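Chains as they are written, first to last, in full-length UniProt numbering: chain A, 1 to 768; chain B, 1 to 768.
Below, the structure written as structure tokens:
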């Protein structure tokens with residue numbers, strides 16, 4: 001925990017004071033991104049202290065060779081790595097021949113960072129005394145444009161406070177970068193050429209193996225007290241870097257301003273041989289607008305995002321800051337414009353975990369994007385998996401499955417598996433279920449069935465085939481069992497009959513059969529096409545149905561609960577609260593074998609099933625399972641507290657729900673796990689959003705109807721959020737005085753509030 | 001399989017014809033060793049073709065950094081690596097300035113290798129036509145001396161058959177070697193200095209991190225038609241290598257002979273700063289004897305070994321060759337002189353697996369050494385583990401155990417764990433049981449109790465403490481359970497209640513308690529010392545007893561067998577014979593997850609328990625368990641067939657026993673698994689020996705009495721072996737005509753044959 005490091009503020013993240021120890025953490029927290037690219041909050045000028053340099057381009061990755069001590073058949077030969085991209089933000093400064101470097105300055109005063117989430121920009125300012133005694137005041141504003149998402153802009157103001165000096169400024173583009181997580185000193189980028197034209201410069205490079213081509217570009221202009229320097233810069237070029245040096249003489253207190261535009265054009269969006277041309281077009285647009293107008297557009301773009309996705313909380317500024325930070329980071333990471341992209345667990349803020357897509361996307365992120373953006377965004381997330389179906393089938397084949405069975409990867413970039421721990425890669429197969437559930441969830445929420453006949457049914461068939469092959473009939477139990485799996489609780493590996501996985505498998509098969517029928521009845525052409533493509537027969541479907549009807553679920557008569565897996569009750573059932581505090585987090589304090597044989601649950605497992613399928617169970621059943629499993633849950637995954645928060649709220653346990661909420665919403669801001677320097681926990685931020693909307697707001701869609709059961713934490717005065725439900729916007733405001741609804745749209749909308757129907761009329765505020 | 005590659009011969013391993021594809025395999029098969037060092041059968045002269053260069057020194061290893069994708073708490077930070085040592089065998093030859101290199105010769109004829117197991121030498125000969133047209137006849141004899149175990153000797157004969165030429169010979173010592181398994185291009189050796197004196201040369205080096213110092217040395221003499229060349233050689237030296245070049249003019253058919261002695265002096269045996277001095281002493285001795293006398297001594301040493309450990313088989317030359325190859329390799333690897341050394345799974349023939357000590361030593365190798373050598377050898381093997389007890393306690397502490405609980409490592413060099421797959425390192429804990437069993441087995445066989453009060457009891461206490469802490473009480477079962485283990489069958493990981501492990505744990509605790517009582521009664525001083533040292537209390541012992549008395553064992557009422565682990569019967573129980581042949585070996589054909597959830601058993605697991613504790617069960621019980629588990633056993637570990645062979649013999653199923661025997665005895669000679677090029681399977685060779693002695697010979701020690709129940713495979717006329725039983729030698733010869741016993745010793749000895757007492761009288765041949 002590092003609770004007082006970030007100043008409380010409803011709209012901004014603010015750091016005050018320069019602390020070398022915090023530089024890497026702040027680089028994570030002040031990261032900026034625009035869905036197409038992102039970067040850690042590295043300084044523009046050279047910094048010789050401890051730093052984690054990181055710039056990332058969406059969809060650009062590297063297939064690293066899998067290296068393990070002991071090979072297991074089925075491991076992917078390569079796995080994708082999040083790649084550190086060329087750096088375009090660099091601006092080296094030297095004053096009277098001495099480089100400006102905060103690490104070597106005699107004094108750094110008034111150091112301040114602000115990430116303005118409302119307007120989407122990042123500012124850093126300080127007054128530093130250099131070793132040569134010069135006092136320098138700097139203020140830098142930087143943003144990555146949402147409007148022109150191939151470019152970013154920097155406005156670097158510099159004043160020397162105590163002398164007339166000669167300043168040289170070298171904005172540059174650097175292709176000679178390395179990955180933080182490069183264990184083997186591998187080289188990931190080849191530079192093809194470096195060019196310079198007037199005040200523009202370019203590094204053209206491509207990734208090794210994957211051969212993604214990228215033009216990294218910049219353009220700079222320098223002004224002294226507003227007057228542009230017209231002299232051409234001196235070009236400085238190495239094998240990996242190109243810089244433009246401007247040397248200016250300035251008097252005490254005169255202001256030098258450097259405006260730099262820079263960014264990437266990539267071959268996902270342009271022909272490989274037209275990247276420099278594309279870069280010039282971007283720079284033409286950016287410079288014709290100029291820094292101020294581009295910043296103005298940025299504010300407008302973010303205003304639009306917030307208009308729909310903001311959650312306001314009155315009476316608790318830290319909670320307000322927390323939820324906005326979560327929503328802001330999700331939008332910085334993924335905007336849903338491109339179905340080839342997805343939501344990396346660290347977004348553009350670090351390299352850890354590799355790969356961009358986990359089951360987090362379907363289980364946690366989809367609800368956020370589906371509810372706060374237009375429908376196409378959720379569609380794109382679903383289509384991403386449809387596009388990867390052939391690779392999922394290939395992946396299953398590698399493990400010995402056949403006949404079009406599909407196993408989606410645990411972690412991926414391009415559809416191929418990126419993870420290589422056998423107990424996860426081969427066994428944490430419930431991910432397949434989350435992908436099927438997302439299809440169901442999309443239709444449930446949007447009412448748009450079209451995805452299923454067009455794409456979804458093929459995915460459902462591949463997944464049903466996988467489950468059908470993955471179970472086996474137990475002569476002993478006379479039921480179908482699923483051996484050797486890892487559930488969402490990764491503190492158990494290679495268990496038999498994980499209830500969550502078995503339940504999902506049964507549901508997937510039943511849902512697939514249902515949808516085959518639905519499509520056959522209403523989309524005959526699609527049905528014919530899909531049957532021809534998948535060669536699915538009635539006999540096969542019957543076999544599936546037999547499995548679904550005879551699936552085994554471990555159950556305790558004594559406790560009247562489904563068991564997480566076979567043998568769960570053989571464990572030493574000591575509750576978390578009875579463990580000494582010194583024992584936790586167990587993933588740091590205990591050996592792996594001790595964790596494995598303990599009853600402790602890393603993240604919701606049986607309860608994840610109760611979350612997905614809440615409507616399959618009574619409230620009493622939920623309560624019984626919550627009371628049984630919660631005491632053994634250690635929440636050592638960032639994805640855990642939100643599900644418990646939602647369920648605690650459902651059970652009317654608001655104090656507990658609020659505690660879980662706090663844990664999820666300020667995880668990174670308060671650095672709960674002392675690891676924020678590695679990057680932010682992006683995907684779990686969607687869970688924070690769910691905690692408010694589904695937990696406190698009690699939002700559900702049941703029988704085509706939007707439901708709310710609002711409750712307000714004691715600590716808050718009110719909270720408010722919006723739901724984009726089938727192209728109409730519902731604003732809900734819950735306060736101590738009551739709950740208010742407003743509808744933006746053309747038609748009335750009937751919703752349910754606390755179980756009673758309420759009719760919303762556009763433009764009218766309704767109390768319910 | 002590669003069945004006709006090695007010629008059948010009772011005493012020699014013979015290869016005829018030069019096949020580049022076979023070079024690496026032959027380098028393994030023709031490896032030589034003398035317990036202190038060993039080397040693959042690399043050519044002396046330069047070879048540019050595919051080769052796996054390997055020289056190894058007993059007890060010299062390197063701690064490599066553990067690198068895994070995802071760290072688990074408890075992993076050892078370092079693990080020991082079998083280190084490739086400096087090469088002293090090299091002799092570069094060039095004739096008329098052209099290097100002799102079999103890979104580039106125009107023709108290689110009469111190529112022949114022979115490993116003479118009876119006399120302990122290796123010979124290679126060939127006639128080659130060089131690119132320059134010269135025909136060269138070579139014959140090289142090489143051996144590693146048992147008498148002077150720091151040196152080896154090479155006699156290199158060379159004739160040019162079709163011209164008068166100038167030959168240059170460069171015997172050298174090379175410290176610039178790399179490990180085959182060096183993934184990260186690490187350097188393991190530092191060379192401290194290189195020296196040359198007369199016809200001797202030295203490379204002094206030490207290993208990095210472990211700092212083992214080694215002097216690698218050589219001495220060479222060159223003769224033409226028996227006449228010694230007196231000119232001093234030209235010294236050639238690089239940063240890592242020193243060579244002595246002799247240039248001689250020879251006429252057609254004249255014979256050049258180079259005699260080279262070389263080897264290592266190590267700081268395990270000499271002061272670090274006296275290694276060159278020690279080397280000179282060794283060379284003085286070797287050269288004062290000369291090559292022929294040293295070879296004569298070698299023959300005598302091996303005759304002594306064979307005198308005691310030979311097994312003769314009449315009527316089946318391949319079986320004869322197979323068993324001798326196994327016995328020969330075991331003796332090349334370990335002679336039991338030094339309790340700091342142990343028996344590496346690949347001996348001195350390769351690098352795979354790292355570490356020198358597995359549970360193979362106690363479970364498989366101990367019986368061989370105990371029975372064919374004097375008692376001190378077995379004592380040394382036991383003492384090795386006693387010496388490592390503090391590290392075993394440390395290892396258990398790393399995993400969260402306390403109070404002196406000891407977990408011996410899965411793989412080790414110096415007592416530290418060398419393995420880092422969690423499912424093995426943390427979970428394959430039955431190894432602890434094998435170590436306790438070896439203590440019991442030693443006393444059972446030798447009748448020498450003294451090891452237990454002196455050392456063994458402390459080991460037994462540490463192990464009992466471990467088991468006591470490792471189980472937990474299951475409220476559900478009202479018994480003690482052991483969760484999250486891996487049994488001997490490594491095709492199952494992280495299972496609950498592996499019967500073998502639970503049974504061993506119970507036995508270990510009971511045996512420890514029994515021995516505490518025994519020592520208290522008969523060795524009061526030792527008892528006092530040990531109780532003081534271990535702080536063991538009566539209350540603790542009572543707690544242990546409670547666990548042993550209430551241990552849970554999974555059992556099937558239906559099949560009347562103990563189950564390998566909880567849930568075993570939930571698997572798809574298709575027998576191995578009903579699997580298509582194309583599916584096997586499953587470890588090559590199937591993905592790891594498919595293997596894990598299959599019922600297939602890599603090596604004896606429940607049956608390993610029935611092997612150790614045969615006398616705890618009736619023959620009917622053995623038969624039932626054998627019939628239940630054998631059909632699911634795939635024997636994909638080299639350690640598997642021997643146990644099944646012994647049990648099949650016990651059940652009178654000689655045809656099956658013989659099949660298993662063949663599989664184990666010629667595993668490497670016939671290259672069953674197509675991997676002999678990586679090195680030989682040394683430890684499983686002891687299993688082959690057990691198959692004959694315990695299987696066909698039916699040798700057991702029960703109630704202080706040596707028992708035999710001999711049976712002879714149909715394919716054999718007779719077989720014979722010796723047992724060193726309590727300082728008396730029993731020779732047993734089983735033939736179609738009957739079984740004969742001879743006793744060498746001073747007293748009569750009463751044994752049991754097929755359940756009947758038979759009195760053996762020294763020097764008298766008795767039929768029984």
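Every residue gets a Cβ at the ideal spot worked out from N, C-alpha and C, and that includes glycine.
The model shown is predicted, which means the values in this text are computed figures rather than measured ones.
Taking 8 Å as the CB-CB cut-off, is residue 399/B touching chain A?
Taking the second chain and counting its residues from 1, one reaches residue 399/B at position 399. Output row for residue 399/B: interface = yes.
With distances taken from CA atoms, which of 307/A, 218/A, 303/A and 7/A is nearest residue 265/A?
In the first chain, the residue the question calls residue 265/A occupies position 265. Considering only alpha carbons, the answer is 218/A.
Looking at the unbroken beta strand (DSSP E) that takes in residue 380/A, where does it start and where does it end?
For this step, residue 380/A is matched to residue 380 along the first chain. It is not in any beta strand (DSSP E) - residue 380/A instead sits in the alpha helix (DSSP H) that spans 375-387.
Taking buried to mean at least 16 other C-beta atoms within 10 Å of its own C-beta, is residue 152/B buried or exposed?
In the second chain, residue 152/B corresponds to position 152, counting from 1. Buried is the call here.
Could you have a look at residue 419/B and say whether DSSP puts it in helix, strand or coil?
Reading the second chain from its first residue, position 419 is the one you call residue 419/B. Three-state DSSP puts residue 419/B in coil, outside helix and strand.
For residue 771/A, which option in 636/A, 620/A, 564/A and 695/A has the closest C-alpha, if you only look at C-alpha atoms?
With chain A covering only 1 through 768, there is no way to say anything about residue 771/A.
So residue 659/A is in the alpha helix (DSSP H); what residue range does that whole segment cover?
As a working note, residue 659/A is residue 659 in the first chain. Per DSSP, residue 659/A belongs to the alpha helix (DSSP H) from 654-665.
Assign residue 473/A to one of three DSSP states: helix, strand, or coil.
Mapped onto the first chain, residue 473/A falls at position 473. The answer is strand: DSSP assigns residue 473/A an E or B state.
Suppose you measure from the CA of residue 585/A to the CA of residue 404/B; what does that come to, to the nearest Å?
Mapped onto the first chain, residue 585/A falls at position 585. Mapped onto the second chain, residue 404/B falls at position 404. Near 25 Å, if we compare the C-alpha coordinates of residue 404/B and residue 585/A.
Count the other CB atoms, across all protein chains shown, that sit within 10 Å of the CB of residue 611/B; report buried if there are 16 or more and exposed otherwise.
Numbered from its first residue, the second chain carries residue 611/B at position 611. Answer is buried; the Cβ neighbour count reaches 16.
If you check the beta carbons only, do residue 406/B and residue 466/B fall under 8 Å apart?
Indexing the second chain from 1 puts residue 406/B at position 406. Indexing the second chain from 1 puts residue 466/B at position 466. Yes. Within cutoff.
Could you list which residues in chain A have their beta carbon closer than 7 Å to that of residue 74/B, in chain order?
Numbered from its first residue, the second chain carries residue 74/B at position 74. In chain order: 591, 592 and 593.
Could you compute how far the alpha carbon of residue 415/A sits from the alpha carbon of residue 340/A?
Stepping through the first chain from its first residue, residue 415/A is reached at position 415. Stepping through the first chain from its first residue, residue 340/A is reached at position 340. Their Cα atoms are separated by approximately 10 Å.
How about residue 129/A and residue 243/A: do their beta carbons lie closer than 8 Å?
Within the first chain, numbered from 1, the residue matching residue 129/A stands at position 129. Within the first chain, numbered from 1, the residue matching residue 243/A stands at position 243. No; because the gap between Cβ atoms is not below 8 Å, this pair is not in contact.
Between the Cα of residue 175/B and those of 241/B, 306/B, 227/B and 444/B, spot the shortest distance and give me the residue it belongs to.
Along the second chain, one-based indexing puts residue 175/B at 175. Checked all of 241/B, 306/B, 227/B and 444/B; the closest Cα to residue 175/B is 241/B.
8 Å is my cut-off, CB to CB: does residue 183/B come that close to chain A?
The sequence position of residue 183/B within the second chain is 183, counting from 1. With a pLDDT of 48 at residue 183/B, under the threshold of 50, the modelled position of that residue is not reliable, and the figure given next carries that caveat. Output row for residue 183/B: interface = yes.
Within the same chain, show all residues whose beta-carbon is closer than 7 Å to that of residue 203/B, passing over the 5 residues directly before and after it, in chain order.
Within the second chain, the letter at position 203 stands for residue 203/B. These residues qualify, in order along the chain: 86, 173, 175, 191, 194, 216 and 242.
Once DSSP output is grouped into helix, strand and coil, what is the label at residue 143/B?
Within the second chain, residue 143/B is the residue found at index 143, counting from 1. If DSSP states are grouped into helix, strand and coil, residue 143/B belongs with the strands.
Within its chain, find whatever has a CB closer than 7 Å to the CB of residue 184/A; leave out the 5 residues flanking it on each side and keep chain order.
For the purposes of this step, residue 184/A is taken as the residue at position 184 of the first chain. Low confidence applies to residue 184/A: its pLDDT is 48, below 50, so where it sits in the model is not reliable enough to give any reading.
Count the C-beta pairs between the region 34-45 of chain B and the region 551-567 of chain A that are closer than 8 Å, then say yes if the count reaches three, no if not.
Contact between the region 34-45 of chain B and the region 551-567 of chain A is absent, because fewer than three Cβ pairs lie under 8 Å.
Rounded to whole angstroms, what's the CA-CA distance from residue 764/A to residue 742/A? Just pull it up for me.
What you label residue 764/A is simply residue 764 of the first chain in a count that begins at 1. What you label residue 742/A is simply residue 742 of the first chain in a count that begins at 1. Their backbone Cα atoms lie some 6 Å apart in a straight line.
Mind pulling the chain A residues with CB within less than 8 Å of residue 431/B?
Position 431 of the second chain holds residue 431/B. Under the 8 Å cutoff, chain A gives no residues; its nearest Cβ is about 14 Å from residue 431/B.
Is it true that the region 351-371 of chain A meets the region 421-435 of chain A, where meeting means three or more beta-carbon pairs spaced less than 8 Å apart?
Enough Cβ pairs lie closer than 8 Å, so yes.
Is any beta-carbon of chain B found at less than 8 Å from that of residue 484/A?
Here the question's residue 484/A lines up with position 484 in the first chain. For residue 484/A, the answer is yes, since a Cβ of chain B falls inside 8 Å of its Cβ.
Output the residue ranges of the beta strand (DSSP E) runs that lie fully inside the region 410-460 of chain B and measure 3 residues or longer, sorted by chain position.
Within the region 410-460 of chain B, no complete beta strand (DSSP E) run reaches 3 residues.
Per DSSP, residue 7/A is paired with what?
By one-based count along the first chain, residue 7/A stands at place 7. Its beta-bridge partners are 14/A.
According to DSSP, residue 63/B sits in a beta bridge with which residue or residues?
Counted from its first residue, the second chain places residue 63/B at position 63. The partner list for residue 63/B (beta bridge, DSSP) reads 80/B.
Please tell me whether residue 428/A has its Cβ less than 8 Å away from any Cβ of chain B.
Here residue 428/A refers to the residue found at position 428 when the first chain is read from its first residue. Residue 428/A does not count as touching chain B.
Below 8 Å, how does it come out for the region 8-25 of chain A and the region 130-140 of chain A: are there three or more Cβ pairs, yes or no?
No: the two stretches stay apart, fewer than three of their Cβ pairs being nearer than 8 Å.
Can you tell which of 606/B, 642/B and 454/B has the C-alpha that lies nearest to the C-alpha of residue 625/B?
Start at 1 with the first residue of the second chain, and residue 625/B comes out as number 625. The shortest C-alpha separation from residue 625/B is found at 606/B.
I need the straight-line Cα distance from residue 704/B to residue 751/B, nearest angstrom please.
Looking up residue 704/B in the second chain gives position 704. Looking up residue 751/B in the second chain gives position 751. Each residue's Cα considered, the two are about 9 Å apart.
Buried or exposed for residue 277/A, going by 16 or more other Cβ atoms inside 10 Å?
Taking the first chain and counting its residues from 1, one reaches residue 277/A at position 277. Classification for residue 277/A: exposed.
Under 8 Å between the Cβ atoms of residue 349/B and residue 724/B?
Within the second chain, residue 349/B is the residue found at index 349, counting from 1. Within the second chain, residue 724/B is the residue found at index 724, counting from 1. No, the Cβ-Cβ distance between residue 349/B and residue 724/B is not below 8 Å.
Using DSSP bridges, identify the partner residues of residue 157/B.
Position 157 of the second chain, counting from 1, holds the residue named residue 157/B. Per DSSP, 139/B and 257/B.
What are the residues that DSSP puts in a beta bridge with residue 227/A?
Here residue 227/A corresponds to residue number 227 of the first chain, with the count starting at 1. In DSSP, residue 227/A forms a bridge with 224/A.
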